[in-house]
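For reference, the structure is listed below as structure tokens.
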Amino acid sequence: MGSMFRSEEVALVQLFLPTAAAYTCVSRLGELGLVEFRDLNASVSAFQRRFVVDVRRCEELEKTFTFLQEEVRRAGLVLPPPKGRLPAPPPRDLLRIQEETERLAQELRDVRGNQQALRAQLHQLQLHAAVLRQGHEPQLAAAHTDGASERTPLLQAPGGPHQDLRVNFVAGAVEPHKAPALERLLWRACRGFLIASFRELEQPLEHPVTGEPATWMTFLISYWGEQIGQKIRKITDCFHCHVFPFLQQEEARLGALQQLQQQSQELQEMEEGVSAVAHRIPCRDMPPTLIRTNRFTASFQGIVDAYGVGRYQEVNPAPYTIITFPFLFAVMFGDVGHGLLMFLFALAMVLAENRPAVKAAQNEIWQTFFRGRYLLLLMGLFSIYTGFIYNECFSRATSIFPSGWSVAAMANQSGWSDAFLAQHTMLTLDPNVTGVFLGPYPFGIDPIWSLAANHLSFLNSFKMKMSVILGVVHMAFGVVLGVFNHVHFGQRHRLLLETLPELTFLLGLFGYLVFLVIYKWLCVWAARAASAPSILIHFINMFLFSHSPSNRLLYPRQEVVQATLVVLALAMVPILLLGTPLHLLHRHRRRLRRRPADRQEENKAGLLDLPDASVNGWSSDEEKAGGLDDEEEAELVPSEVLMHQAIHTIEFCLGCVSNTASYLRLWALSLAHAQLSEVLWAMVMRIGLGLGREVGVAAVVLVPIFAAFAVMTVAILLVMEGLSAFLHALRLHWVEFQNKFYSGTGYKLSPFTFAATDD
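First residue of the sequence shown: 377, per the working numbering; consecutive thereafter.
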């Protein structure tokens, strides 16, 4: 606030600057705006100053910038205002800016010249088309007929005295204010040996230079004799008329007019900024597939493309694979410790992905891991999640929350002796004991199960049923994705003849199995566990239409529901087998009956449109490619269609059984991973922890033991088990999921590009 009351302190100083730093210092002072310079050489003219060259350079730059700004304004663009105050460029940058701006200005001048040339050419074409379109009636001028009446025919009969005379025409356009003078001069110079017709254009044309609308007069002059023609051409040149050739035949004029219209359209497209004209050629060949990826999605798209490149505009499984693949992998690889190691390894590669040394590594194994770093990242993250559900961290359970089981209540009611407890280090958990079960564990599996003798039986039942549920949901989702293919390709008949029967067959049989599993979980309690019905026996009896007296029903009228579902599922088989072939054959026969009439109409239309064939803009090769009707297809062979559909039906129906059983690998691999991790802990770490009780001895012993445990964990559990789970997850996606909707019979688009591939 001091400057508001009195002025700032000012001092007179003298600066001595080296030549190399003078420009930088003065420009910095100019940016600050705090120094006033005094001219000590006021008597020296501006042309004698040392900086006169720089001033001229700046003036030239100002002119160039003014020209560029005018071109930007002419193009209808608005330059954004600069953000803040722009610093003065150093001398080396000033030279670079001058060169770049002059080059850009020269390019714009060339573009503007080309644009004006195109506009002038377009204007000539429009005038020529207007002359042909005006509808002048070509008339034949005659010499003085010595009193001939108006009804005397101008055309002499063949063999007359003037049979060697030929009527010529001159057609063109002239500005309206010049038309009267042109008409008078033509009449006087040619002594009336011509007939001239002048007409004004109905719509004004844009001037090629100013861009403003201008009106023109078109004229058509008919004359005899070459000398008269020379006079007419000289006069029209003096009046700066635009003269165009004029054809006598009406059909030739129509053809020329259509060509002029097409050329005008192409020039207009080029004037809007299109440097080339492209014609789209109809083609029956399947187009290539282009799916844009980035660093994150490239590895997942690679998994899909390894099965087969999708057909053109087919549903791409990659977006769904981003979630389902790491999740199914984690179901088989669920362990918090192992997942965390994989996640940290992938995270290190992600954080170092922009380092040149990491990208330049030539090791093939390293490049494989590096390209799949985001896939490994999600696989590790999902494995941590499923590890918390299984409550396993290097095969050890963790007590994050209080257990929901009370062993004391079970010990009080069981009457276990000390000798019994000494011989049985692991006890069987029985939820039927009063007070032993206090409530469910908040998240995941209760850690007390790791100390129970029936731990493996409990996990077997849980993971097997979980695998069946995940498998049926995954397959049903694949069938639903096929709906988008049918709708996109206009094959809506497949929704009723394929998708609906497939869903009915899948959900009616194996969806019902999932229902039985969930229903038993919700309705059968621990008190009834001894007499609980067997789902597997019920499912087998469902296909045999039988009943086991020892296996009680889960709900009333269960047998009726099961028999109905089996009959409904079996009824879908003939629909799948015959529905699509019969529909295709019926449609093909209907097209065959309609084709003769269509061809007859096309032939008539082709004869009527024959004069337009020369100006339609298609070359001979393009006409061959686009001349086929989309309705015309190859001959439909009924046996091939039935065979193809029979293979599809058998593959789907039998595949529902084998694919559902294939998802049990989730259960098997998960148990194998847990047991192998348990064996590694028991055979290495547990032995090492029991070797010495003293602190010094334990420290010496545990160092090599832990090193061996870490090496075997990485080599066996992370690398080998991880690769095994990866391959099994890959098979579940390729065979069980993608074959429900994805054909993978396309080919990739290989565009011409200078950009380097970005991993």
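By construction, the Cβ of each residue, glycine as well, lies at the ideal position given by its N, Cα and C atoms.
Because the structure is a prediction, the values reported are computed rather than measured.
Per DSSP, residue 543 is one residue of the beta strand (DSSP E) stretching across 543 to 550.
Annotation for residue 717: 1094 place their beta carbon closer than 7 Å to its own, counting only its chain and skipping 5 residues before and after. In the pairwise beta carbon analysis, the region 628 to 641 is classified as not touching the region 576 to 589: fewer than three pairs are separated by under 8 Å. Per DSSP, the continuous alpha helix (DSSP H) segment holding residue 765 begins and ends at 749 to 766. Within its own chain, the residues whose Cβ lies closer than 6 Å to the Cβ of residue 1038, once the five positions on either side in sequence are excluded, are 1112, listed in chain order. The three-state secondary structure of residue 590, taken from DSSP, is strand. Residue pairing by DSSP puts residue 576 in a beta bridge opposite 593. The Cβ atoms of residue 1042 and residue 708 lie closer than 8 Å to each other.
Residue state for residue 667 is assigned as coil, using DSSP reduced to three classes. Take residue 820, set aside five residues on each side of it, and the residues of its chain with a beta-carbon closer than 6 Å to its own are 764, 765, 767, in chain order.
Of the other Cβ atoms in all chains shown, 16 or more fall within 10 Å of the Cβ of residue 781; this residue is therefore buried. Put simply, of 1092, 1045, 688 the residue whose alpha carbon is nearest the alpha carbon of residue 660 is 688.
Of the residues assessed, residue 1035 falls on the buried side of the cut-off, its CB having 16 or more other CB atoms within 10 angstroms. In the displayed model, residue 803 falls within a strand according to three-state DSSP. Taking 8 Å as the cut-off, the beta carbon of residue 680 is found closer than this to the beta carbon of residue 692. When secondary structure is reduced to three states using DSSP, residue 391 falls in the coil class, being assigned neither helix nor strand. DSSP places residue 707 in the uninterrupted alpha helix (DSSP H) bounded by 694 to 709. Per DSSP, residue 850 is not a residue of any beta strand (DSSP E); the alpha helix (DSSP H) it occupies stretches across 831 to 864. Pairing residue 875 with residue 743, the inter-Cα distance amounts to about 41 Å. For residue 481, same chain residues with a beta-carbon under 8 Å away, outside a window of 5 residues either side, are 440, 443, 444 in chain order. The Cβ atoms of residue 619 and residue 686 lie no closer than 8 Å to each other. Shown here, residue 508 sits in a helix according to DSSP, grouped into three states. For residue 615, the closest C-alpha among the options 1059, 695, 551, 1120 is that of 551. Contact between residue 695 and residue 758 does not hold, since the beta-carbon distance rounds to 16 Å and is not under 8 Å.
Residue 407 and residue 470 have their C-alpha atoms spaced approximately 17 Å apart. The shortest CA-to-CA distance from residue 1119 to any of 861, 883, 751, 968 is the one to 861. Rounded to whole angstroms, the separation of the alpha carbons of residue 872 and residue 886 is 21 Å. A Cβ-Cβ contact shorter than 8 Å links residue 581 with residue 502. Residue range 712 to 727 is occupied by the alpha helix (DSSP H) that includes residue 714. Classified as buried, residue 1097 has 16 or more neighbouring CB atoms from the shown chains inside 10 Å of its CB. When the alpha-carbon of residue 856 is set against those of 752, 870, 845, the nearest one is in 870.
When 830, 569, 943 are compared, the shortest CA-CA separation from residue 921 is found for 943. Membership of residue 620 in the beta strand (DSSP E) is indicated by the continuous run 618 to 620.
In the DSSP annotation of this structure, residue 927 is not part of any alpha helix (DSSP H), being labelled neither H nor E. Note on geometry: alpha-carbon atoms of residue 608 and residue 566 lie some 8 Å from one another. For residue 1057, there is no enclosing alpha helix (DSSP H), as DSSP gives it neither H nor E.
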